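Student: Sequence lines, in order, name chains A and B. Heads up, this note's numbering is the position in the first sequence plus 3, with the first residue counted as 1. Heads up, this note's numbering is the position in the second sequence plus 2, with the first residue counted as 1. Ideal Cβ placement from N, Cα and C applies to all residues, glycine included. Predicted model, so just to flag it, every value in this text is computed and none were measured.
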Amino acid sequence: MPRHDGRRLLQVGRLACAAVALLALGTAAAYRWAPTWIDAVDAFLVARYVDADRARVAGAVALGQRDPDAAIAALTALDDAFADALPTEHRGQRWAEASAALCSLLRQRGRTEEAIALGKRRVAFAPQDLTAHLDLIDLLALRGGEERLQRLRELHALLPENPAVAWRFLADLGARGDHLGWGKAAAAHLRAQRRNLFRVVNEHPTIMVPWLLSEPFLPWVTDDLVLHGEVTLQAGTTLVRISLPPWIELHEPVLQLGGATLRPDAAAWGPPAADGILRTRDRSDASLAFALPAPQGPAAVARLRAGLHVVPLPFPGDLLQGTDADRALSALPDGDDRALLLRHRAAAAFAREVALFWSGTDESFARERSATGRARLGLTLRDGIPFCAEFAVGAACGGLRFHAPALAGLPFRILRVEALRGDGPPIVLPADPAAAAGRHDLEPDGALWRSTGGDPWLLLRLPQAVELTAVRVIGVLP
Amino acid sequence: MKTALRRLWVWTPIATLPLAAFFVAWLVGFGARYADFRLRNADPGGTFGMFFEGGDHARYMLRQLASWTRVGTVLPGTRSMHLVVPEAGLAALDARLPDLGGNAVNGTMVVDGQELEISLRYRGDFRLHWGSPKKSLRVRLKKRDRWLGMRTFNLIAPKTGMQVAEHLGYELARELGALAPYSELVTVWLNGRMHGLHCLVEQIDDDTLLRLGQAPGTVWAGELVARDEWRGIDTNVFDHPGLWRAVAIDGAAPPDPGPIQRLCALLDRPQDEVAHAELRRLVDVAAFGRMSALEILIQYFHTDEAHNWRLSHDRFRERLVPLVWDPNAWSGVEVVGPEHPISLDPNPSRLHQWLLHDAEFLLARHAALERFFGAGGRERFQQSMRTALAVGRAATELDPNLRPPAPDHVLGLLEGLQRNVTHVFDAVERAFVLAGGAPRWTPTADGVRLLLQDRAPVESVRLRLAAPVTTAARGQLRIERGGRATTLPVPLELGQGGAEVDLPVELLAQLRQAPRVIGPYFKVYSHEVAPTTWDISVQDASAPRTIEVSVRRARGGWQPAAPADRIDAAPPDHLFGVGEREALRSLPAETWSGTVHVVGPRAVSGDLVLAPGSTLTFAPGASLIVGGRLLARGTESQPIAVRAAGGGAPGAGPLVTLRGRGCDGSVLERCRLQGPSTLLQLVLVRDARLLDCEFAGGGPQVLAVHAAASVERCTFRDGADAALCGVQATGALVGCRIERAAADGVRLLGGEAVLADCTMVGAAGAAVGAAGGARLVLAGGACSDCGRGLDLQDGAVAAGRGVAITRNQDALVTRYGDRRFGGAARLELAGCRLEGNVRLVDLERGNPVRLLGCSVRDPMQNSPDLQIDAAAAPPGLPPVTLVDLGAAAAAAWVRAAGSGAR
């Protein structure tokens with residue numbers, strides 16, 4: 004090599020080393036003094052290589068609402084693009100989302116065989132994805148044959164306790180009285196409900212003070228759940244009032260503020276019950292009040308702690324709709340399982356729709372003077388399922404007609420009806436069979452009502468026509 | 003100036019080249035990791051941030067550079083383990099991350115000068131295990147190879163900055179007597195490069211139970227996180243019995259999910275006495291008590307609703323036994339520091355929540371803690387901890403892949419660990435062992451009410467009475483639960499002429515669900531003590547008045563209780579199983595005489611007395627299960643007969659079963675048992691005695707499982723299987739005769755036995771067979787006309803003196819039957835006589851036999867494992883240490899020493 008070329012090469016080497024060293028120093032400086040720059044680079048790369056894929060899948064899935072055929076084409080392209088990804092890769096997860104949407108669209112468009120083939124790939128890709136299994140099992144039902152039952156049996160062997168699996172298994176067996184399956188399904192439902200309590204409580208609209216629940220994980224407890232809430236107080240607060248929903252039971256609620264532990268103001272509740280539990284029962288205006296020892300400074304944090312027994316819950320009644328429940332009921336012998344199924348089917352019906360008609364001063368009822376609603380259901384394991392249905396009225400009423408769900412043989416008990424006024428205490432109407440002014444397709448059965456036809460309703464008269472804002476019907480499904 | 007600058011420029015590469023090289027290496031290395039864990043993979047188990055991980059990557063590189071200057075350095079106090087695998091294989095493993103499936107890489111392990119073929123892969127659920135340069139590894143040996151009795155083990159990269167906490171968790175488990183896999187701190191070298199400090203943890207599999215001295219069984223794993231998670235279901239292992247996996251399988255039987263299914267179904271029921279009794283039948287409550295003690299001491303909440311359950315099902319005991327797995331030791335305390343309260347009754351799962359309401363469990367847990375603090379366990383553990391901490395400190399300097407790569411931070415954590423452990427131990431000792439303030443008492447209409455408010459159980463209650471009671475007095479414990487009162491009988495001991503009454507009943511304060519422990523713990527829930535009252539009375543015609551009450555606790559002896567004017571009732575409505583054992587003991591014994599015909603399964607809860615001359619006949623399929631003592635004392639003229647009527651069926655269940663500690667002290671004397679199946683089964687029984695009995699037919703004629711028994715002057719004839727079979731049993735056979743067994747005369751799987759002056763004749767199998775680490779002493783007696791004289795396998799150790807081994811096919815056999823036991827068999831005979839055998843020895847290589855001062859008239863065989871020294875003097879004591887030789891056996895040993903058998 005000529006000598007001047009060697010020198011030039013050395014010079015280039017020095018320059019390259021110096022440039023890279025400068026880059027290194029710059030990177031080190033950024034790590035030391037400008038971490039936001041590093042985060043920005045990180046965010047850019049993630050947006051470029053991860054979020055872009057996520058957006059592509061989301062866009063294709065959303066397209067399915069407007070143009071299923073175009074969505075199928077887009078999702079098929081994604082299927083090809085991501086098919087080689089491993090389940091642990093983010094592209095694998097995108098494939099799982101895209102293939103689930105594609106499967107559903109293919110099924111909608113009647114392309115069952117393609118959907119089944121894709122469904123099998125989904126199961127092979129994620130053998131521990133219950134949704135993929137159940138989707139495939141549903142698809143196989145469209146095709147017919149033994150494969151569906153075979154797959155269902157395999158799944159049931161692994162997950163006999165899972166409500167969705169147990170229920171499908173029961174239905175698939177032609178309701179041959181596998182009451183064990185039903186019992187397990189119902190028990191699993193109840194457990195699932197109990198585990199979701201925190202989330203439900205947090206979202207419940209009647210809790211006015213926001214509760215920041217400190218612990219999303221809820222362990223299984225046999226009797227008590229422990230509730231923790233955190234409230235940031237405004238400056239100068241002297242009283243903390245926490246509204247509670249009906250059908251909630253709290254054990255020894257206390258508010259911790261700094262080093263002090265406060266008990267609720269006894270005036271709101273009177274002395275606690277012998278077992279130390281505060282029960283809101285059917286009160287919709289229940290609240291806990293804690294008088295603070297001194298006005299609080301800014302951003303003081305109060306922590307609520309209470310044992311939690313019963314809370315209102317949305318009821319997952321979809322499982323009990325359709326003919327499966329009827330088939331199961333026709334097959335089940337009398338016993339606990341049958342009673343459980345009846346009770347939960349009734350609860351599902353109340354959670355689906357109930358209605359209230361009200362009469363004006365002319366005492367006539369009409370569709371335009373009615374409201375429909377969904378009963379909120381409480382959870383109790385022994386005495387039945389409590390419910391509370393609330394209807395907005397906003398009119399002067401002389402009579403109230405409560406329409407129960409059209410389910411023959413449905414037993415229910417109405418504990419009370421509260422007619423709420425804007426300016427005054429609610430008017431409480433008894434609703435036991437002796438107090439009813441009229442009924443249709445309903446027969447009294449002791450303190451219960453039992454529906455006998457397709458339009459069961461119960462008529463209650465107000466003492467006089469009153470302007471009402473809302474009406475609450477509170478009862479229990481035995 | 004210009005020249006100087008030019009000269010400077012010329013020499014700049016001295017500084018810029020290393021910097022540039024380092025930067026390029028960082029960019030390539032970190033870029034690859036970033037692409038893998040941030041862009042390509044879904045990053046389970048947390049986020050992979052460019053800022054923190056980039057900085058750490060540079061620190062790792064600097065530490066690795068520094069380690070090149072210390073080639074060959076080993077972390078002091080650790081074993082060096084060299085793993086050699088193809089670099090291409092490692093690259094393939096890296097490429098698949100975080101998928102840990104696929105083919106493992108074949109390679110070699112060199113440890114303790116031993117070279118073993120292995121397969122290697124990464125392991126662990128989360129990035130914590132394989133996202134940094136130090137990766138957790140799983141090593142598997144070839145099928146027939148074992149290292150320290152293990153075939154598969156994990157080399158776990160420390161999960162927390164505390165480095166050694168995982169190992170210490172296992173160490174403490176072993177100290178407490180909980181079943182835990184083997185663990186050790188090791189320095190791992192990968193392809194000649196130091197990979198750093200790892201915690202070696204045995205992978206729980208078939209070998210584990212055997213190595214732990216347990217009977218073979220199935221180990222079920224409850225895991226529903228990470229790769230084991232099912233999408234679309236709750237991750238609660240007790241809701242999904244179908245998702246428990248068998249990770250160790252008892253070769254003798256296919257895995258039976260029944261026990262797991264029963265446990266899950268049980269936990270779905272409301273808690274009551276019946277359900278708790280069932281729970282105690284299903285799980286080994288004592289083992290759970292030891293595990294719970296561990297959980298408290300290491301503040302371990304990691305066996306929860308979602309994962310880390312390892313339950314072994316022992317088919318002999320029919321109990322689920324927990325194994326410790328993944329103890330995230332003191333990690334909660336690391337976060338919050340010692341000023342925070344600790345969880346004294348952790349309840350992270352539904353099963354915990356049941357057990358915390360079970361008196362037997364609470365007593366077992368307390369006993370484990372009492373032993374730990376009272377018998378030097380704490381001191382021993384702290385010694386281990388000092389050693390481990392020294393290793394951890396050394397790692398901060400020498401480990402190139404120290405995680406986190408911040409030595410000062412790690413040193414701080416190690417110091418904190420020591421402090422926090424002391425804090426936790428002190429708190430636990432105060433709450434459990436040093437607790438036990440004077441309980442309060444107040445008189446009631448017919449006795450006393452005792453108020454307990456702490457965790458220390460009361461073992462016995464003493465009442466001083468105003469007037470003496472008669473011997474007809476009866477003790478009672480009254481429990482009111484849910485408005486209903488139950489009365490349990492309590493044994494009663496009289497003192498001071500009847501003016502002082504001792505009621506040996508174990509009482510506790512019950513626990514209730516407490517709010518979550520304050521502090522940012524991970525999933526820390528707890529129970530807490532609830533004041534509990536116990537109503538105790540002495541029923542007697544004299545209706546005595548109590549004037550003073552004392553209680554006895556495990557520590558501190560008798561202690562007076564403080565009188566109180568009034569104590570409101572706080573009944574133990576959430577505590578189940580109290581006073582059961584006492585009630586059982588105080589049950590009047592049932593006496594059978596004449597001829598009693600047993601049909602179907604029949605259970606007797608309390609003591610059963612068989613009168614001399616009585617006869618028990620069993621219909622086909624019938625069985626008798628006794629929960630108390632069986633006292634069958636026949637006489638020479640009036641023996642007791644037990645037999646299956648109509649012949650019965652071979653292979654049916656045992657005729658008579660003694661199960662549980664309630665049967666301790668059972669005696670069968672001059673009984674004649676005959677039938678087609680197992681005649682007598684002893685499960686978890688201590689101090690059972692069989693004297694001058696005769697067994698005919700059936701087999702095993704006596705089956706002892708985790709039992710301790712002495713058998714004296716008994717005869718076993720014509721067994722259809724082994725005459726006596728022990729599974730992890732302890733026993734002494736003195737002066738017994740075993741004839742014509744269709745299999746072995748005596749068969750031991752684990753456990754310990756002494757055979758003194760016993761004669762085994764005509765067994766189709768071995769006169770005496772031992773395996774699975776069994777320890778055996780033979781003193782005198784004979785093994786004649788059998789298929790094999792002594793047959794030892796798999797870690798069995800035997801010593802004999804003065805035994806005549808004659809006319810067998812093979813006199814002495816030692817071999818590996820099942821390499822899972824990992825050990826060689828050893829036999830040493832002194833002063834024995836061997837003659838007339840077709841073959842003297844049949845020894846598999848590596849299983850040594852020594853004959854000292856024996857008379858050998860059989861043809862000699864050359865075997866490197868056979869050592870014969872005809873002139874050697876027999877040793878004075880048996881060379882194997884037994885727990886208790888027993889008086890009769892010891893006498894036989896001495897007698898055999900005096901006579902010899904030449």
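#1: So, is B:Phe374 buried or exposed, given that buried needs 16 or more other C-beta atoms within 10 angstroms?
#2: Give me the Cα-Cα distance between B:Gly804 and B:Leu757, rounded to the nearest whole angstrom.
#3: Using a Cβ-Cβ cut-off of 6 Å (strictly less than) and excluding sequence neighbours within five positions of B:Leu735, which residues of its own chain qualify?
#4: Tell me, please, whether the region 590–606 of chain B touches the region 290–303 of chain B by the rule of three or more beta-carbon pairs shorter than 8 Å.
#5: Could you tell me whether the Cβ of A:Ile41 comes closer than 8 Å to any Cβ of chain B?
#6: Which residues, taken in chain order from the region 89–119 of chain B, show a beta carbon closer than 7 Å to some beta carbon of chain A?
#7: Between the region 690–704 of chain B and the region 715–732 of chain B, are three or more C-beta pairs nearer than 8 Å?
#8: Quick one: what does DSSP say A:Gln68 is sitting in, helix, strand or coil?
#9: Could you check where the alpha helix (DSSP H) with A:Arg110 kicks off and where it finishes?
#10: Less than 8 Å separating the beta-carbons of B:Arg631 and B:Gly667?
#11: Looking at the C-beta of A:Glu366, does it have a partner C-beta in chain B at a distance below 8 Å?
#12: Is there a Cβ of chain A sitting closer than 8 Å to that of B:Leu130, yes or no?
#13: Is it the case that the Cβ atoms of B:Arg176 and B:Gly291 are separated by a distance below 8 Å?
#14: Which runs of the beta strand (DSSP E), 3 residues or longer, sit entirely within the region 644–690 of chain B?
#15: Can you confirm whether A:Gly16, when its beta carbon is compared against all beta carbons of chain B, has any partner nearer than 8 Å?
#16: Does any residue of chain B have a CB that is nearer than 8 Å to the CB of A:Gln2?
#17: Check the C-beta distance from A:Ala63 over to A:Ala101 and give it rounded, since I have them as a contact under 8 Å.
#18: Grab the span of the beta strand (DSSP E) containing B:Gly728 for me, first residue to last.
#19: For a cutoff of 8 Å on Cβ pairs, would you count B:Gly57 as touching chain A?
#20: Give me the chain A residues within the contact set of B:Glu231, using Cβ-Cβ distance strictly less than 9 Å, ordered along the chain.
#21: Is the beta carbon of A:Ala74 sitting closer than 8 Å to the one on A:Leu66?
#22: For the candidate residues B:Ala228, B:Leu419, B:Ala564, whose alpha-carbon lies nearest to that of B:Asp101?
#23: Out of curiosity, what's the CA-to-CA distance linking A:Pro408 and A:Cys391?
#24: Starting from the Cα of B:Ala605, find the closest Cα among B:Val658, B:Leu618, B:Pro614, B:Asn105 and give me that residue.
#25: At which residues does the beta strand (DSSP E) containing B:Ser386 begin and terminate?
#26: Whole angstroms is fine: what's the gap from B:Asn310's alpha carbon to B:Gln205's?
#27: Are A:Val53 and B:Leu41 touching if we call contact CB-CB under 8 Å?
#28: Starting from the N-terminal side, write out each stretch of the beta strand (DSSP E) that is 3 residues or longer and does not extend beyond the region 164–208 of chain B.
#29: At which residues does the alpha helix (DSSP H) containing B:Ala784 begin and terminate?
#30: Along the alpha helix (DSSP H) that carries B:Tyr62, what are the first and last residues, could you check?
#31: Below 8 Å, how does it come out for the region 501–517 of chain B and the region 447–463 of chain B: are there three or more Cβ pairs, yes or no?
#32: Looking only at C-alpha atoms, which of A:Leu260, A:Pro130, A:Ala76 sits nearest to A:Arg112?
#33: Name the two residues that bound the continuous alpha helix (DSSP H) containing B:Glu275.
#34: Residues in its own chain within less than 6 Å of B:Ala710 by CB, not counting five upstream and five downstream?
#35: For A:Arg475, which option in A:Asp448, A:Ile430, A:Pro466, A:Gly441 has the closest C-alpha, if you only look at C-alpha atoms?
#36: Using a Cβ-Cβ cut-off of 8 Å, state whether B:Leu7 counts as contacting chain A.
Tutor: In short, the structure shows the following:
#1: By the 10 Å Cβ count, B:Phe374 comes out buried.
#2: Cα to Cα, B:Gly804 sits roughly 12 Å from B:Leu757.
#3: For B:Leu735, where only same-chain residues beyond five positions count, the Cβ hits under 6 Å are Val713, Leu757, Cys760.
#4: With the cut-off at 8 Å, the region 590–606 of chain B and the region 290–303 of chain B do not touch.
#5: Yes, contact with chain B.
#6: Pro100, Asp101
#7: yes
#8: helix
#9: DSSP places A:Arg110 inside the alpha helix (DSSP H), whose first and last residues are 93–111.
#10: Cβ atoms of B:Arg631 and B:Gly667: closer than 8 Å.
#11: no
#12: Not one chain A Cβ lies under 8 Å of B:Leu130.
#13: no
#14: You should have 658–661, 669–671, 673–676, 682–685.
#15: Flagged as an interface residue toward chain B: A:Gly16, by a C-beta distance shorter than 8 Å.
#16: With chain A represented from 4 up to 481, any question about residue 2 of chain A goes unanswered, as that position is not in the structure.
#17: 7 Å
#18: 726–729
#19: yes
#20: Gln131
#21: yes
#22: Residue B:Ala228 is the option with its Cα nearest to B:Asp101.
#23: 14 Å
#24: B:Val658
#25: Here B:Ser386 belongs to no beta strand (DSSP E); instead the alpha helix (DSSP H) covers 379–400.
#26: Their Cα atoms are separated by approximately 13 Å.
#27: yes
#28: Scanning the region 164–208 of chain B from its first residue to its last, the whole beta strand (DSSP E) runs of 3-plus residues come out as 185–192, 195–204.
#29: Careful: B:Ala784 lies outside any alpha helix (DSSP H), inside the beta strand (DSSP E) at 784–786.
#30: 52–69
#31: Under the three-pair Cβ rule at 8 Å, the region 501–517 of chain B counts as touching the region 447–463 of chain B.
#32: A:Ala76
#33: 275–284
#34: Arg688, Thr732
#35: A:Ile430
#36: no
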